[in-house]
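Step one of this worksheet: look at the structure below.
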Amino acid sequence: MTFVVRCCVMEFQPGLEDVPVAQSAICHIDGTVGSLLYRGYAIEDLVRHSNFLETAHLLIWGELPPVEDLRTFEHDVYTHRRIKFRIRDVMKCFPESGHPMDALQASAAALGLFYSRRVLDNPLYVRQAVVRLVAKIPTMVAAFQLIRKGLDPIRPRDDLSYAANFLYMLSEQEPEPLAARVLDACLILHAEHSLNASTFSARVTASTLTDPYAVVASAVGTLAGPLHGGANEDVLDMLDAIGSPDRVEPFLDQCLARKQRIAGFGHRVYRVKDPRARILQELAEKLFACYGSDATYDLARLLEQKVEERLAGKGVYANVDFYSGLVYRRLGIPTDLFTPVFAVARVAGWLAHWKEQLGANRIFRPSQIYTGVDPRPWQLHRERGAASD
Ligand code: COA
143 MTFVVRCCVM EFQPGLEDVP VAQSAICHID GTVGSLLYRG YAIEDLVRHS
193 NFLETAHLLI WGELPPVEDL RTFEHDVYTH RRIKFRIRDV MKCFPESGHP
243 MDALQASAAA LGLFYSRRVL DNPLYVRQAV VRLVAKIPTM VAAFQLIRKG
293 LDPIRPRDDL SYAANFLYML SEQEPEPLAA RVLDACLILH AEHSLNASTF
343 SARVTASTLT DPYAVVASAV GTLAGPLHGG ANEDVLDMLD AIGSPDRVEP
393 FLDQCLARKQ RIAGFGHRVY RVKDPRARIL QELAEKLFAC YGSDATYDLA
443 RLLEQKVEER LAGKGVYANV DFYSGLVYRR LGIPTDLFTP VFAVARVAGW
493 LAHWKEQLGA NRIFRPSQIY TGVDPRPWQL HRERGAASD
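The sequence shown begins at 143 in the working numbering and counts up one residue at a time.
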C-alpha cells in the first residue's frame, strides 16, 4: 500500500489530479450521475428543507442539529454579526479601486489580530471561531462595498435572517422574502465541494495549527483566482459580449475554432450537468417569473442548448457558475461581489475541513521531483564572465 502511494507521488500528477490528499466524511460528489451530498444529504433536499445556517452546522459538526441547538447557533451568529470599529477603520484605508476579494482576505486576516488565541483543542474556542467567521464574513463583504462608495457601513439587523440581512447590508433595503430565500439557497449550493483549490489551501494552512482566521484568509486568497471562484463574472461578461441570439452560433464557432474555453461550462469532476446548475436554473426561473424576464437569461438558455449540442459528447455541460451570476445580478449584487458571495457560503465548507483536519492532523509536506542542475562549485565574481547586454 505504502509502495503504491509513493509510486503515485513520484510519478508526479500536475495539479494533484486523482491523488487523494485527505480522508474526508464531509462531502461526496458523483460526477457521472451529477449528485452532490453534504454529510450524506442530497443538496436538492437541503435546498428544499434546510437553510444556510443549518447546512453550515451540518457540514461543520457532522449532523443536523436538534431544533434548540439550531436556534442557539442562529442566535449566536446573529449577535456576532457586527465588526469592531477598528476593523472598519482598517477597511477604510483600503483603496476604493481594490478588488473586494483582496479586501475580504485582508479583513479576514485582520480578525485574527483581535481573536488570536490558538486554543485549538478547546471546543469552546473552536465554536466561537466558527460563529465569528460565519457571522462576520458577510458583514465585512458588505462593509467594503459601502466604504468603497464613500458611505458608512450599515449595522446588521438582528431581526433579519442570515441571507436577508446580507442583502440589507449591501443596499440598506430590506429584501423581498423570495430574494432572501433564493440567496439562502445559493449559499447552500456553494457551501462545500470537497477538495477544490481553496479547500485544499484551507487544509494545508490548518495543518500548521495556525488560527482559523488565517485558514479562512488563505482560502479566500485561493478562491480569488479566475480558474476557481471568478468564472461567474466571466459568464456575464461573455453573455453581454454576445449580446443577441443571432450571435450565439458565430460566438461558439469562434471559440471552438480557437480552442477557447466557454465560461460556465465544463468541470473536472462532473461529466453531466452540474446538479448545482440545475437548481440554480430553477431559482433563476422563479426570480424572473416574479420580477420580470431578463433577455440575458433567454440568451443564456440558448447558449446552453447550443453548447450541449456540440460539447455534450466530451462531457461538457453547464457548471455552477453558469446561472449563479444571472441570479446574483437579478438580486442586485454587483458583479465583482460574486466571488465574495461565494466566499460567504464556502466559509462553512472551509471550517468543516479545518475541524476535520485538526481531528487527525499531520502537517502537509509533499515531495517534489528536483529538475535543477547537479551540484557545482562556487564561482568567484571575476570568474563568472562579463554580463551580457
Ligand atoms: N469550453 C469548451 N471546451 C471545453 C470546456 C469549455 N468550458 N471545458 C472543457 N472543454 C473541453 C476541453 O477542451 C477538452 O477537449 P479536448 O479533449 O478536445 O482537448 C474536453 O472538453 C475535456 O476537458 P476536461 O479535461 O474535462 O476539462 P478540465 O478538467 O481540464 O477543465 C475546467 C475543467 C472547469 C477548468 C474547464 O472546463 C474550464 O476551463 N471551464 C471554463 C471555466 C469555468 O467555468 N470554471 C468554473 C468551474 S466550476
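All C-beta atoms in this analysis are idealised placements derived from N, C-alpha and C, irrespective of residue type, glycine included.
Note that the coordinates shown come from a computational prediction; the quantities given were computed from them, not determined experimentally.
Under DSSP, L178 takes part in a beta bridge, and its partners are I171. Contiguous alpha helix (DSSP H) elements confined to the segment 176-234 occur at 185-191, 194-203, 209-221 and 227-234, taking only those with 4 or more residues. Here DSSP, grouped into helix, strand and coil, assigns A494 to helix.
Rounded to whole angstroms, the separation of the alpha carbons of D326 and L262 is 30 Å. The segment 383-392 makes no contact with the segment 354-371; the number of CB pairs closer than 8 Å stays below 3.
Y459 is a Cβ neighbour of A419, given a cutoff of 9 Å. Here H335 is buried. Its C-beta has 16 or more other C-beta atoms within 10 Å. By alpha-carbon distance to A344, the top candidate from I296, R488, E318 and V462 is R488. Here F393 carries a helix assignment [DSSP, helix/strand/coil]. Sequence-distant partners of F215 (beyond 5 residues in either direction) whose C-beta falls short of 6 Å from its own C-beta, in its chain, are H199. The C-beta distance from L253 to K278 rounds to 6 Å, short enough to fall under 8 Å. When the alpha-carbon of G292 is set against those of F236, A373 and E424, the nearest one is in F236. For F342, the secondary structure class from DSSP, reduced to helix, strand or coil, is helix.
Using a 10 angstroms sphere on the CB of F464, the tally of other CB atoms reaches 16 or more, which defines it as buried. DSSP, read as helix, strand or coil, puts F236 in coil. Using a cutoff of 8 Å, the CB of D244 does not count as near ligand 1, since none of the ligand's heavy atoms is closer than that. Here G501 is exposed, its C-beta having fewer than 16 other C-beta atoms within 10 Å. Bounds of any alpha helix (DSSP H) do not take in A333, whose DSSP letter is neither H nor E.
Here T174 is not near L188, since their CB atoms are 9 Å or more apart.
A Cβ-Cβ distance of about 5 Å is found for the pair M243 and T481, placing them in contact under the 8 Å criterion. When C-beta atoms of the segment 286-305 are compared with those of the segment 220-240, three or more pairs fall below 8 Å, so the two segments count as touching. By the Cβ rule, the segment 428-448 counts as touching the segment 381-388, because three or more pairs are nearer than 8 Å.
With 16 or more other CB atoms across the displayed protein chains lying within 10 angstroms of its CB, F194 is buried. Between L422 and V462, the CB-CB gap stays under 9 Å. The residues G176, Y459 and A460, in chain order, have a CB closer than 8 Å to that of K415 in the same chain once the five nearest residues on each side in sequence are set aside. Annotation for A251: Y355, A356 and A359 place their beta carbon closer than 8 Å to its own, counting only its chain and skipping 5 residues before and after.
According to the DSSP assignment, S249 belongs to the alpha helix (DSSP H) that extends over P242 to F256. Distances from the CB of I404 to the heavy atoms of ligand 1 include at least one below 8 Å.
By the 16-neighbour rule on beta-carbons within 10 angstroms, L246 is buried. Within the model, the alpha-carbon separation for Y412 versus P517 is close to 45 Å. Considering only G406, K428 and W520, the residue with the shortest C-alpha distance to G467 is G406.
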